[in-house]
Structure formats: C-alpha cells, structure tokens
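Engineer: Submitted below is the structure of interest, expressed as structure tokens.
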Ligand SMILES: Nc1ncnc2c1ncn2[C@@H]1O[C@H](COP(=O)(O)OP(=O)(O)OP(=O)(O)O)[C@@H](O)[C@H]1O
C-alpha cells in the first residue's frame, strides 16, 4: 500500500490560481477530509488527483510513481484512482448488479457477478441486485455507486460531497457502514465536505484550504486545538477573534486578562471558541444580548465594551438583558501576534 503525495501542486485558469503550491499526503487506510469555503480549490484538487486536469506545476505521485507533473500526465483510467461525485450517477440502463460489475472489467462473467454480489452484500443490498437504479432510494444508490468505485480496488478513492442530498438519518446510516469499510479496504481516501462536524467526527486527517492554498493539515484534534492562525481556526467552527495587548506576560482583552508568558509584548489576536468562555463568579461582567437553544445546550451572545462573544452552556440560566460574569479559559483560547 502506498501514499499519494502532492508537492507544490499549482493549477491556474487564466491568470487566477485555483490551487497554488499545495502539498499534502493521503495515507492508505486513512480518510482525509478536504475542508474549505466555496472556491478554495477542493474540487480542483480532486480532479487533479484523478487526472481529469493537468497540473501546471508541482507533482502528484503514488509511492515512487509520478502520476502528474508539468511534463507528465498519466491518464485517469490507469491511475488506480476511483472517483465518486456528488450526484453518484449510476448507469440507468444497467441493473444494480451490472452497475457494480461494470467496475470489474476483465473478469469472466460468472466470477464478476459473484464478486459484485459479494460487494453488494457488504452494504446490505444483495437482495436488490436485480433492481434498476431508480427502484432504489437515494441512500441505496449512494452505496451502489461507492461499491462500483470500490470494485476496482482503487489505491486512492476520492469522494466529492458524498453525503450531500441525503437526509440526516440516511447520512448517518451511510456513514456508519462506509467509513469502517473504507478503512478496511486499505485505500487512501480523500473526501470533500462542507460539513465541519462531519469532518471532525469522521476523518483521520484534515487538510484546511483557503484561496487555493493549504492553511493547515493534521489530525482533527490537532487542527482544532492548535490552529496555526485565526483563519485556520475559523474553518473549524464558530470563533470570535478578540484583539488584545500583551504586556509583560499578560494579555488584556475586552473580556478580561489572560496569561501570555510565551508572547512578546504588542498587539495580539485571540481566538475564542464558544466553549472556551466560562460562566465564572470571579470573571468580568457581560450583558446577555442573545440566547438560543441548541439542543445539547444553550448558545449565548454576550457583549462587553462594544465587543460580542459566544458562550456555550449546558443550562439556560440567563435571559436577554441579564448581566453575567464570565472568564476566558486560558487553556482553550489561542493567541497570535497581530499580522500587519
Ligand atoms: N474550469 C475552470 N475554469 C475557470 N475557473 C475555474 C475552473 N474550475 C475552477 N475554477 C476556479 O477555481 C477556484 C477553485 O474552484 P473549486 O471548484 O476547486 O473550488 P471548491 O473549493 O471545490 O468550491 P465549492 O465548495 O464551491 O465546490 C474557483 O475560483 C473557481 O471559480
């Protein structure tokens, strides 16, 4: 099993770079989520890895084999890379079984059908083998499309928004079967998603993209807890960026002071997530300007000195207009020297 490695990958459309100097590694048996706002280059990267686009600069290699460089381009069909797009289009004129068997090209018919049936069985659809795709629900079609891609035993599997279009319940069901199956298959898997919670929950690795560049890559825990910049932090959920000033190891903010012994004196940006703000009798006064029930808890909007901040609390103890006392959790907030 081999790593898929991107180094310095650039692709331009006219004067504009859709991706620029991108490097990351997809590892066998691991699922890497590409996360980033619309237009950050996620789909372009998938197309480059699949070989549907040529790179302008940089290399894409599978182990020692170069798949793409400025002067070399392996065609998509010989890369060993499987691609499943959002609309997971099955061939409407082929049965469910034949759709999966389609991926098994060179085999004798009987062996091919037996293997396709075994794959369908893995996802609980063996009894639907003789159906037409349109007889199946969206979630079932999704599973068939994935099995069609997996039938070829790709070394790399790319999934572009595989869960968009599925309702919440179906998403859960598809994910529960899919992710363990993908890890066992040993393929290096990349998944494009807009859903931050999904990426944090399910991926082994993240690649955070912004304007065609990688802001940060690493495990979900590392990316969430140790963002490299306020921009990277913003990609993984709600944050407030407070400005502050460090003097002699102490940062002063609108919401109180923080230890900052590892910071040089000067202006800083402080990344605060809702769960890094605590209701604290010893804290500073803040006014509640919004309360929202969020299922597992309550989201408060707090205001102090003209700055607002979100706080997540288990109990709904305060209403709009109330005053509460809060502090920032020094272990959970992150300070960055202010970029000029
Ligand atoms: N064929 C193309 N011609 C011109 N520009 C393109 C082309 N494909 C992509 N781009 C541009 O490259 C940038 C990256 O696009 P890409 O589709 O990769 O982003 P994305 O992160 O997948 O976005 P989304 O989440 O909206 O799908 C965008 O600015 C897009 O307009």
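Numbering (UniProt numbering), first residue to last: 1 to 340. From the three backbone atoms N, C-alpha and C, an ideal C-beta is built for every residue, glycine too. Small disclaimer: the values here were computed from a predicted structure and weren't measured.
#1: Exposed or buried, which one is residue 155 when buried takes at least 16 other CB atoms within 10 Å?
#2: Consider the C-beta atom of residue 203 and the heavy atoms of ligand 1; say whether any pair is separated by less than 6 Å.
#3: Would you grab the beta carbon distance between residue 342 and residue 199 for me? Rounded to a whole angstrom, and I think it's under 8 Å.
#4: Count the other CB atoms, across all protein chains shown, that sit within 10 Å of the CB of residue 212; report buried if there are 16 or more and exposed otherwise.
#5: According to DSSP, what are the bridge partners of residue 65?
#6: What residue ranges within the stretch 68 to 137 form continuous alpha helix (DSSP H) runs of no fewer than 4 residues, ordered along the chain?
#7: Consider the C-beta atom of residue 106 and the heavy atoms of ligand 1; say whether any pair is separated by less than 6 Å.
#8: From the DSSP output, in three-state form, read off residue 242 for me.
#9: How would you label residue 400, buried or exposed, when you count the other beta carbons within 10 angstroms and need 16 or more for buried?
#10: Cα-Cα, which of 277, 133 and 122 is closest to residue 333?
#11: So, using beta-carbon positions, are residue 260 and residue 246 closer together than 7 Å?
#12: Short of 6 Å in beta carbon distance, which residues of its chain neighbour residue 66, apart from the five on each side in sequence? Order them along the chain.
#13: Assuming residue 197 is part of the beta strand (DSSP E), what are its boundary residues?
#14: Which residue or residues does DSSP assign as beta-bridge partners of residue 325?
#15: Starting from residue 48, trace the beta strand (DSSP E) in both directions and tell me its first and last residue.
#16: Ordered along the chain, which non-local residues of its own chain (more than five positions away) have a Cβ less than 7 Å from that of residue 126?
#17: Under the three-state reduction of DSSP, which class applies to residue 269: helix, strand or coil?
#18: State yes or no: is the C-beta of residue 84 within less than 7 Å of the C-beta of residue 146?
#19: Which value, in whole angstroms, describes the spacing of the CA atoms of residue 307 and residue 240?
#20: Taking 6 Å as the cut-off, is the C-beta of residue 18 nearer than that to any heavy atom in ligand 1?
Structural biologist: Let me lay it out:
#1: Per the 10 Å Cβ criterion, buried.
#2: At a threshold of 6 Å, residue 203 does not count as near ligand 1, since its beta carbon sits no closer than that to any of the ligand's heavy atoms.
#3: With the chain covering 1 to 340 only, the question about residue 342 has no answer from this structure.
#4: With 16 or more Cβ atoms within 10 Å of its Cβ, residue 212 is classed as buried.
#5: Residue 65 pairs with 62.
#6: Correct list: 96 to 101 and 109 to 122.
#7: Residue 106: no, Cβ never under 6 Å from ligand 1.
#8: Strand.
#9: Here the chain comprises residues numbered 1 to 340, so residue 400 is not present and cannot be evaluated.
#10: Relative to residue 333, the option among 277, 133 and 122 whose CA is nearest is 277.
#11: A distance below 7 Å separates the beta carbons of residue 260 and residue 246.
#12: Answer for residue 66: 59 and 72, listed in chain order.
#13: Taken as a continuous stretch (DSSP letters only), residue 197 belongs to no beta strand (DSSP E), being part of the alpha helix (DSSP H) at 196 to 202.
#14: Beta-bridge analysis with DSSP links residue 325 to 285.
#15: For residue 48, there is no enclosing beta strand (DSSP E); the residue is part of the alpha helix (DSSP H) that begins and ends at 42 to 50.
#16: Excluding sequence neighbours, residue 126 sits near 117 and 120.
#17: Assignment of residue 269 by DSSP, reduced to helix, strand and coil, places it in the strand class.
#18: Here residue 84 is near residue 146, since their CB atoms are less than 7 Å apart.
#19: Going from the Cα of residue 307 to the Cα of residue 240 covers about 10 Å.
#20: The answer is yes for residue 18.
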